[in-house]
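The structure under discussion appears below in the form of structure tokens.
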Amino acid sequence: MARRKPGMQRTEEEEVKEDWLVTYADAITLLMAFFVMLVSFSKVEIPIFEKVQAGIAEQIGKREVIRPTEVLETDLKDVVFNMAMDSDVKVSTDDESILMELGSGAFFQPGSANLTRDAVVFLKDTGDLLKQPRYLGFQIEVTGHTDDSPISTARFPSNWELAGGRAIAVVRFLHALGVDPNQKRMRAISYGDTKPKLPNRDDFGNPIEENREANRRIEIRIFPKYSRVF
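The working numbering applies: residue -14 is where the sequence shown begins, and numbers increase by one.
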């Protein structure tokens, strides 16, 4: 096709061919406004948000997007698998975060907040992962949970202190590894026996030992920076 000489005006046909750009720009603007409205009126579900974001990029931008939460979840599961701790550590995602459930039996001695040898090795591998530059945008919340068995010792007068001591022990260990040198990325919370996963007792008040064991746990929640502000 011959080129148009300098100074020549575009034909009507050439001008019509570029009208699609206006429609395309309008569609993108409306799409962006739609998602902004959804975010402002609803709770952001991080895994779904990342999937939608990736889908838009792949379909419109024709490029692949890395989903940080999905990658981190896979890396954490690899740590669990490599240490053969599948029965003691569970990794999953919910609406806001990656959730790691650590069975207290494998991480602490009964009535103690001292980390076991296996706990030290596992948390070191986890900490080395979380302090990598690509994961520095994630914040970490460690919560301690117990069953309803009462405790009263000089160091832990109640389950509140025991659960808090264990959560703090995990945070302190990760801090020592350099995961949060500025103390702005992590926090520890104690729930004691107020948030059991399963009922501690049956309808007749008898203790259910397997449920109590499941309720004695440490939860590490890992949030993308844009999903929660401490």
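Note that beta-carbon positions come from the ideal geometry of N, C-alpha and C, so glycine has one too.
Neighbourhood of E86 by C-beta distance below 6 Å, restricted to the same chain and skipping five residues each side: Residue 86 sits at position 101 when you count from the first residue of the sequence shown. K75, R202 and E204.
Roughly how many whole angstroms lie between the Cα atoms of T131 and P53? Position 146 of the sequence shown, counted from the start, is the residue given in the question as residue 131. Position 68 of the sequence shown, counted from the start, is the residue given in the question as residue 53. Taking the straight line from one Cα to the other gives about 31 Å.
Strictly by DSSP, which residues pair up with F123? Here residue 123 corresponds to residue number 138 of the sequence shown, with the count starting at 1. Beta-bridge pairing links F123 to P209.
Length of the line joining the Cα atoms of A98 and N167: Translated into the one-based positions of the sequence shown, residue 98 becomes position 113. Translated into the one-based positions of the sequence shown, residue 167 becomes position 182. Straight-line measurement puts the Cα of N167 at about 24 Å from the Cα of A98.
Within 10 angstroms of its Cβ, does I125 collect 16 or more other Cβ (buried), or is it exposed? Residue 125 sits at position 140 when you count from the first residue of the sequence shown. I125 comes out buried.
Between D113 and R119, what straight-line distance do the alpha-carbon atoms span, to the nearest angstrom? Taking the sequence shown and counting its residues from 1, one reaches residue 113 at position 128. Taking the sequence shown and counting its residues from 1, one reaches residue 119 at position 134. In a straight line, the C-alpha of D113 is about 12 Å away from that of R119.
Between the segment 64 to 84 and the segment 134 to 145, do at least 3 Cβ pairs fall closer than 8 Å? no
Quick one: what's got a C-beta closer than 7 Å to N196's C-beta in the same chain, skipping five residues either side? For the purposes of this step, residue 196 is identified with residue 211 of the sequence shown, where counting begins at 1. Closer than 7 Å at Cβ, skipping near neighbours: L183, P184 and N185.
Count the other CB atoms within 10 Å of the CB of F189; is the residue buried (16 or more) or exposed (fewer)? If you number the sequence shown from 1, residue 189 lands on position 204. It is exposed - the Cβ of F189 has fewer than 16 other Cβ atoms within 10 Å.
On the three-pair Cβ rule with 8 Å, is the segment 172 to 180 touching the segment 145 to 156? yes
Report back the beta-carbon spacing between V127 and M70 to the nearest angstrom; my notes put them in contact at under 8 Å. Taking the first residue of the sequence shown as 1, we reach residue 127 at position 142. Taking the first residue of the sequence shown as 1, we reach residue 70 at position 85. Between M70 and V127 the Cβ distance is about 17 Å, and since that is not below 8 Å, they are no contact.
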